[in-house]
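The structure appears right after this line, and notes come after that.
Residue numbers (the working numbering): 13 to 260.
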């Protein structure tokens with residue numbers, strides 16, 4: 013029997029009328045690598061992402077798409093130009109402030125789930141909230157169970173992560189990304205390690221997150237089917253944006 017996740021409903025993301033439609037913006041961003049010699053990997057990147065937009069980035073390996081994702085997510089801070097989240101220029105933030113922003117406002121879903129195999133599903137999902145330390149342990153556990161319920165995995169909460177299938181593990185990774193109720197979700201090939209059935213399931217989950225929770229989602233992908241399911245596709249070639257189009 014095909015495994016199903018539950019519809020994502022029941023959350024009001026709140027009014028954003030006082031906020032700009034643009035949540036992420038880059039201004040003339042350049043990025044260099046220096047090993048074995050200086051090489052320009054991103055050149056004059058100027059893009060805007062709207063609040064609650066579902067966007068994919070495509071391009072050949074080495075085109076700079078994943079590099080941009082790591083800059084936008086504050087995991088890499090070595091660049092020229094400006095990156096803004098809402099009205100905050102990330103260059104003005106300290107290392108600790110960037111970590112706080114990342115933990116509070118950003119969720120990550122990678123190609124490999126990076127779950128701790130010796131921990132239970134529930135323990136894995138709780139980790140970012142424990143690090144943020146905004147809630148009591150009991151509140152964090154309740155939030156984690158709610159996220160697992162959204163992903164149809166509440167009945168797996170006490171299993172060790174290494175006892176789940178690949179598709180289940182990736183859904184746990186999504187639940188972990190959601191635990192702090194982030195405004196932005198970044199994905200780096202989130203379906204790249206899954207079979208077609210599970211890839212389709214993860215794609216559907218991300219679409220529901222956008223539609224129901226109004227989250228901004230930006231995903232690097234080589235999967236044409238995944239990209240076709242997003243609202244917008246940005247194409248990179250040799251460190252530059254060569255196409256930026258909206259799907260019909």
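Just so you know, even glycine gets a beta-carbon here, dropped at the ideal spot from N, CA and C. These figures come from a predicted structure and were not determined experimentally.
### Query
Straight-line CA distance for residue 26 to residue 224?
Confidence in residue 26 is poor, its pLDDT being 41 and thus under 50, which makes the residue's placement too unreliable to answer from.
### Message
Which same chain residues end up closer than 8 Å to residue 244 when comparing Cβ atoms and leaving out the 5 residues on each side of it in sequence?
### Response
65, 66, 67, 68, 256, 257, 258, 259
### Task
Determine the closest residue to residue 227 out of 197, 42, 235, 123, with distance taken between C-alpha atoms.
197
### Message
Beta-carbon within less than 7 Å of residue 86's beta-carbon, same chain only, minus the 5 sequence neighbours each way: which residues are those?
### Response
Contacts found: 102, 110, 113, 114.
### Task
Could you tell me the distance, in whole angstroms, from the CA atom of residue 21 to the CA atom of residue 91?
With a pLDDT of only 37 at residue 21, under 50, the local geometry of the prediction cannot be trusted, and no value is derived from it.
### Query
What distance in whole Å lies between the Cβ atoms of residue 232 and residue 55, which are believed to be in contact at a cut-off of 8 Å?
Not really, about 18 Å apart at Cβ, beyond 8 Å.
#### Entry: Classification of residue 19 by the beta-carbon crowding that lies within 10 angstroms, buried from 16 upward
Bear in mind that the predicted position of residue 19 carries a pLDDT of just 48, short of 50, making it unreliable; the figure below should be weighed with that in mind. Exposed is the call here.
### Query
Tell me which same chain residues have a C-beta within less than 7 Å of the C-beta of residue 142, skipping the five on either side of it?
Closer than 7 Å at Cβ, skipping near neighbours: 152.
### Query
Which partner residues of residue 60 appear in the DSSP bridge assignment?
37
### Message
Could you check whether the segment 131 to 138 touches the segment 171 to 191, counting it as contact only if at least three pairs of C-beta atoms, one from each stretch, sit closer than 8 Å?
### Response
Judged by Cβ distances under 8 Å, the segment 131 to 138 makes contact with the segment 171 to 191, as three or more pairs qualify.
### Query
According to DSSP, what are the bridge partners of residue 236?
Answer by DSSP bridge pairing: none, since residue 236 is not bridged.
### Task
Would you kindly report the start and end of the unbroken alpha helix (DSSP H) that includes residue 216?
208 to 225
### Query
Exposed or buried, which one is residue 194 when buried takes at least 16 other CB atoms within 10 Å?
buried
#### Entry: Rounded C-alpha distance that separates residue 189 from residue 51
33 Å
### Query
What separation, rounded to the nearest whole angstrom, lies between the Cα atoms of residue 123 and residue 148?
31 Å
### Query
From residue 106 to residue 89, what distance separates their C-alpha atoms?
10 Å
### Query
Do you know how far the Cα of residue 159 is from the Cα of residue 167?
Taking the straight line from one Cα to the other gives about 12 Å.
### Task
From the DSSP output, read off the bridge partner residues of residue 43.
54
### Message
By the DSSP assignment, the beta strand (DSSP E) with residue 201 in it spans what residues?
### Response
Under the DSSP assignment, residue 201 falls outside any beta strand (DSSP E); it carries neither an H nor an E label.
### Task
Return the Cβ separation of residue 75 and residue 251 in integer angstroms, given the expectation that the two are a contact with Cβ distance under 8 Å.
The beta carbons of residue 75 and residue 251 sit about 7 Å from each other, so the pair counts as a contact at 8 Å.
### Task
With a floor of 4 residues, list each alpha helix (DSSP H) that falls wholly inside the segment 96 to 167, ordered by position along the chain.
Counting whole runs of 4 or more residues, the segment 96 to 167 contains the alpha helix (DSSP H) stretches 107 to 117, 133 to 144, 149 to 162.
### Query
Run through DSSP, which three-state label would residue 171 get?
coil
#### Entry: Other residues of its chain near residue 60: CB distance less than 6 Å, five sequence neighbours each side excluded
34, 37
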